[in-house]
Amino acid sequence: MKITQQSHRRAARSFLSKTVGRPGRSAVRQGITLLPVAAAQFIRAVSRGRFADAFAPIVGMGLGLVAWLVILISTQAAVNGALYPLLDAHDYENSWGGPTLAGAWAVHAALALPIVLAAVWVLRGLVVLGSQGQESSTGARSHRWSKPLALVVAAAGAVLFVGWVNQL
């Protein structure tokens, strides 16, 4: 069986589209909600008296910050798992997988993999939630649960961020 470069590209594209799907493609098209852009959208909506439209940029900012937190935690896990002997090899006798360096490295790398895979799905969920909020602000049909859930996720992300920073 001959495997060509084209079939690899097609398989990779298919895997990516199945993994991130329509929400991922819409996030790439719309871009990331940045603080100055969201603040400008919020001020514009409030100055025009459309307070319902002012909700979407604020929630988008909160979800964007939660997405950055997920990216930071998964990147830290991936780097720590892959480069464990260079970063934390000072006390591998008492670490997970010890007392050997190879065992500690294997355990940290094995723990990093599910964290990174879960981060992809969490980011996908955040994109879906953010797109629901943007659709409701443009007048498209939206779900009732999207706004309260977005607020809960943003608040939980803030609590997680404070806890993560304090444990560093």
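In terms of the working numbering, the sequence shown opens at residue 1 and continues consecutively. Note that beta-carbon positions come from the ideal geometry of N, C-alpha and C, so glycine has one too. All values derive from a computational prediction rather than experimental measurement.
Query, Result
"Environment of residue 129 [buried if 16+ CB atoms lie within 10 Å]", "buried"
"Local conformation of residue 96 per DSSP, three classes", "coil"
"Residue 145 (DSSP reduced to helix, strand or coil)", "coil"
"The region 154-162 / the region 65-72 touching (three or more Cβ pairs under 8 Å)", "yes"
"Identity of the residue in 48, 64, 94, 43 nearest residue 123 by Cα", "64"
"Distance between beta carbons of residue 96 and residue 102, contact taken as under 8 Å", "Actually they do not touch by this definition, with Cβ atoms about 13 Å apart."
"Where the alpha helix (DSSP H) containing residue 87 begins and where it ends", "84-87"
"For residue 130, three-class secondary structure by DSSP", "helix"
"Contact set for residue 87: own chain, Cβ-Cβ below 8 Å, skip 5 residues either direction", "79, 80"
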